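Protein chains in written order, with the numbering used here: chain C, 1 to 290; chain B, 1001 to 1390.
Ideal Cβ positions, reconstructed from N, Cα and C, are used throughout, including at glycine.
All values reported here derive from a predicted model rather than from experimental measurement.
Presented below is the structure to which this report refers.
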Amino acid sequence: MAELLQHLLNGLVLGGTYALLGIGLTLIFGLMNVVNFAHGEFYALGAYVSFAALALAGSDFFVALLVAIVAGAALGWLCEVALLRPLRNESIDTTMLVMIGVGIAMQNAELLGWGGVAKSIPHPFPTAPLVLGPVAIAPLRLFVLVLAAGLIAAAWLLIQKTKLGRAMRATFQDRDTAALMGVSIGRIHAATFAFGSGLAAAAGALLGPIFLVYPSMGDLASLKAFSVVILGGLGNLPGATLGGLLLGIAEELGAGYISSGYRDAIGFVIIILVLLFRPSGLFARQERIA
Amino acid sequence: MSNCSIVLSALVLVALATLAVPGESQAPIKIGVIEPLSGPVAASGNYVRMGAEIARDWLNAKGGIAGRKIDLLIEDNKSDPKEAASAAEKLIVRDKVPAIMGAWGSSMTLAAMPKLEEYGVPMVVETSSAAAITKRGNPWIFRISPPSEMEALGLEQYVDKLGVKRVDFLAVNTDWGRGSITAFGDMLKKKGAAVGVAEFMDQSATDMNAQITKIKATGGDTLFLTTAVEQITLVMKQAQEQRLGRKIVTTGGSSSPTQLIKQAGAAAEGSYHIVFFMPWFPESMPDGKLAKAFVDEWAKRGHPFEGLTEGFRGHDGIATIAEAIRVAGKDDPKAVREALWSVSLMGVNGPIKFEKDGPAGKESGQSKPSIFVVQIRDGKVALPDFLAKK
């Protein structure tokens, strides 16, 4: 029983991080119709910026987190303005190829700048685990879980409750009509891409201290983010959140009770089943509204 | 050599000399290197490359091989077996190298091996531990790193002193990790230890909590951990978070204890590590002078100290190939392979000499490297109590 509870807690923590990765990706897809293959690289960027701020500039952990989010959002903004805006009326394949290129360039720039050796980000939390009855959790992981939940809630509020969010949803439903109503499409796209990239960078800065920071760290992050988005339905924010938690818990229980050798395979088996039986995602409604 | 052939070779030499462009020395001898310079195990591959460059520069400073400089052609296998095979093909077909050193990971080496047989070019294997590499009957393979069986036998004498009674395994899901579990499991069963669970992790996995939770439930006393330093760091941190409370023994020699102290901190305390080079005490190595010189040269180049436990592999691999080319007297793949059977040299790890291994008639070469055990104690690398000098 203690083992099962620990597995569930591990799965929840892991799933929270998957959800954080997934919502940025699903937002960008849902609102802009761009398949962002560089999403994992913004995650790596967040981790490296946080590392640079902490280890080189000697800043505070929380300041470094903010700096990473701002850097991710700024680069996302730049990406949209410089690369995606001129291609707005091109097909989804064209922008996808551009983003694959951006991903390759970013990863290799990190390899060039930082070298291939993994870096470890220091953090101010105690390393001794918090013991809650039969289960244990590291304070840093608990912090990450809480902050991930907070960021997801903030993203949802932004989209549902603010004027910017309303403009985003309007753009998603009908770009031309929204433009006629006075919504600046360029501004909405740039804000969406910056927001999604900032979320990925936040995930990187949060998970960097738990894991290690290395140039190819974004590959795995991209893979998981895409899995989450497919599970939850493309462009579906609550779907991505639930999809993330589901994937984390499925992987954890699969590794714990079936075989750790097939841990990643278990996640993909679920995705294949979802694509077969509910091709628009587990949590899809009639139409996608981010 | 008869008089006639001496005259003949002299004539050939003169003919060659007149052909050469005046003022230009002879073409360098090319040696191919395949290492993971990017991807999840990039750190280790880059350290091996640095060690290989030291061997090259030392040899060239002594005049190269018969007056010809050594040139390393280094290919990145991106920590990916597919890339390792295409890198081997590129080095052989395009660059026409007479020998290759590579390819760090067992899966990468195994993927490159059919190319060696296809084109007939020898490869000195500097890191890979999977038994299959020398057992498969590929006569172009010469391994200077210990296969997991040899490592397990090297550890056998210390099992009682380590107090291993109930053991679990956690290994990277590759040929190396799977082979290591078999080898150490067999040895430990023979020594009367109870074997619990064998868990795996993907090479690029970062969250091993599920495996640790499962291992924790077995109630064993020791965890044998087989993977590269990046994942060892993560496992140790996550084991500490879950209060695993096991004696951890890492195998494969890629644990880089100095890096673990830096990155895993207190989580690495008390762990044991099988290593093939002890840069902390070079004087305890079979050739203390060479080991010291290597450590000093490494520091002089500004390479990080934690890379030395991988870096020496590059040095020893290139030194072995260069010696074989010297013995062969020419940089022809077949001649180099013949010469590899007769080389006998001192590497940073210790003596290198190949014995036959694998199916009769198609044997691979396997050297018998030295194996050491160190422990992380009080944030430093030390010899375990049972090995410390009286």
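- A residue is called buried when at least 16 other Cβ atoms come within 10 angstroms of its Cβ; C:Gly72 meets this threshold and is buried.
- Boundaries of the alpha helix (DSSP H) harbouring B:Ala1335: Pro1333 to Leu1340, taken from the DSSP string.
- With respect to the C-alpha of C:Val144, the residue from C:Asn10, C:Ala2, C:Gly256 and C:Gln6 having the closest C-alpha is C:Asn10.
- Here C:Thr241 is actually not in contact with C:Ile69; their C-beta atoms are around 19 Å apart, not less than 8 Å.
- B:Gln1366 is the residue among B:Ser1128, B:Ala1198, B:Pro1081 and B:Gln1366 whose C-alpha sits nearest the C-alpha of B:Gly1137.
- Under the three-state reduction of DSSP, B:His1273 is assigned to strand.
- Against chain C, the beta carbon of B:Phe1200 has neighbours under 7 Å at Ser260 and Gly261, listed in chain order.
- The continuous beta strand (DSSP E) containing B:Thr1226 extends over residues Thr1222 to Thr1226.
- The secondary-structure analysis by DSSP pairs B:Arg1377 across a beta bridge with B:Lys1380.
- Within chain C, no residue has its beta carbon less than 7 Å from that of B:Leu1290; the closest one is some 26 Å off.
- Secondary structure of C:Met181 (DSSP, three-state): coil.
- According to the DSSP assignment, B:Ser1364 belongs to the beta strand (DSSP E) that extends over Ser1364 to Gln1366.
- Taking a cut-off of 8 Å on C-beta distances, the stretch 1177 to 1191 of chain B touches the stretch 1223 to 1232 of chain B, as three or more cross pairs fall below it.
- Three or more Cβ pairs closer than 8 Å define a contact, and the stretch 1084 to 1099 of chain B meets that threshold against the stretch 1115 to 1135 of chain B.
- Identification of residues in the stretch 1033 to 1047 of chain B having a C-beta nearer than 8 Å to some C-beta of chain C yields Leu1037, Ser1038, Gly1039, Pro1040, Ala1042, Ala1043, Gly1045 and Asn1046, given in sequence order.
- Taking 8 Å as the threshold, the shortest C-beta distance from B:Glu1241 to chain C falls below it.
- Residue state for C:Glu3 is assigned as helix, using DSSP reduced to three classes.
- Nearest C-alpha to B:Lys1300 among B:Ile1371, B:Val1033, B:Gly1051 and B:Asn1060: B:Gly1051.
- For B:Arg1246, the three-state secondary structure derived from DSSP is coil.
- Fewer than three Cβ pairs drawn from the stretch 1076 to 1084 of chain B and the stretch 244 to 261 of chain C lie within less than 8 Å of each other, which leaves the two stretches out of contact.
- With respect to the C-alpha of C:Val13, the residue from C:Thr177, C:Ala201, C:Ala138 and C:Gly235 having the closest C-alpha is C:Ala138.
- The three-state secondary structure of C:Phe125, taken from DSSP, is coil.
- Three or more Cβ pairs closer than 8 Å define a contact, and the stretch 215 to 223 of chain C meets that threshold against the stretch 32 to 46 of chain C.
- Short of 8 Å from the beta carbon of B:Thr1218, and not among the five residues preceding or following it, lie these beta carbons of its own chain, in chain order: Arg1166, Asp1168, Gly1196 and Val1197.
- Interface flag for C:His123 against chain B is unset, since no Cβ pair is found closer than 8 Å.
- Within chain C, the residues whose beta carbon sits less than 8 Å from that of B:Ser1204 are Ser216, Asp219 and Leu220, listed in sequence order.
- Using beta-carbon distances, C:Gly46 does not count as an interface residue toward chain B, since no partner is under 8 Å.
- Using beta-carbon distances, B:Asn1077 does not count as an interface residue toward chain C, since no partner is under 8 Å.
- Using a Cβ distance threshold of 8 Å, C:Leu247 and C:Gly30 do not count as a contacting pair.
- In the DSSP annotation of this structure, the continuous segment of the beta strand (DSSP E) that includes B:Phe1169 starts and ends at Arg1166 to Val1172.
- Of the residues C:Ala201, C:Leu140, C:Leu231 and C:Gly261, the one whose Cα lies closest to the Cα of C:Phe277 is C:Leu231.
- The Cβ atoms of B:Ala1239 and B:Ala1205 do not sit closer than 8 Å to each other.
- Proximity to B:Ser1344 across B:Ala1324, B:Lys1356 and B:Val1125 peaks at B:Ala1324, based on C-alpha coordinates.
- The CB of B:Lys1214 comes closer than 9 Å to the CB of Glu3, His7, Ala255, Gly256, Tyr257 and Ser260 in chain C, given here in chain order.
- B:Pro1351 sits in a strand when the DSSP states are folded into three classes.
- Annotation: C:Val67 is outside any beta strand (DSSP E); the continuous alpha helix (DSSP H) that includes it extends over Phe61 to Cys79.
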